[in-house]
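The opening residue of the sequence shown carries number 1059 in the working numbering; numbering runs sequentially from there.
Yeah, the Cβ is synthetic: ideal placement off N, Cα and C, and Gly gets one too.
Being a predicted model, the structure only gives us computed values, none of them experimental.
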Amino acid sequence: MPKPIIDNSKCTNCGTCVGICPMKVFEKGEKAAVVKKPEACVGCRACEAQCPEDAIKVVD
1059 MPKPIIDNSK
1069 CTNCGTCVGI
1079 CPMKVFEKGE
1089 KAAVVKKPEA
1099 CVGCRACEAQ
1109 CPEDAIKVVD
C-alpha cells in the first residue's frame, strides 16, 4: 500500500499537493501540508512529481 510522506522541513504549505491529488489525500495545515487520508493514496505519485520543494515521497 503506497504511503505519502511529507518532509515538514521542506514543505512551504504552497498547496500544490492539495490541488494535484486526485484522491484528496492532502490538506493544508497550519505550517505544512498534512496527509489527511493516507489510506486513499493510490500511488500515482503526482504529488511527488509536482511538489516544487521536493518535500513529498511516496513509499510502498
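Requested in this report: Give every residue of the same chain whose Cβ lies closer than 7 Å to the Cβ of Ala1113, excluding the five residues on either side of it in the sequence, and list them in chain order.
Outcome: Ile1064, Asp1065, Lys1068 and Cys1069
Report task. Give me the Cβ distance between Gly1101 and Val1116, rounded to the nearest whole Å; I'm assuming they're in contact under 8 Å. Result -> 6 Å
Query raised in the report: Taking 8 Å as the CB-CB cut-off, is Val1117 touching chain C?
Result: Among the chains in the structure shown there is no chain C, since it carries only a single protein chain.
Requested in this report: Buried or exposed for Pro1062, please, with buried defined as at least 16 other CB atoms from any protein chain shown within 10 angstroms of its CB.
Outcome: buried
Query raised in the report: Smallest Cα separation from Lys1095: which of Gln1108, Pro1080 and Lys1089?
Result: Pro1080
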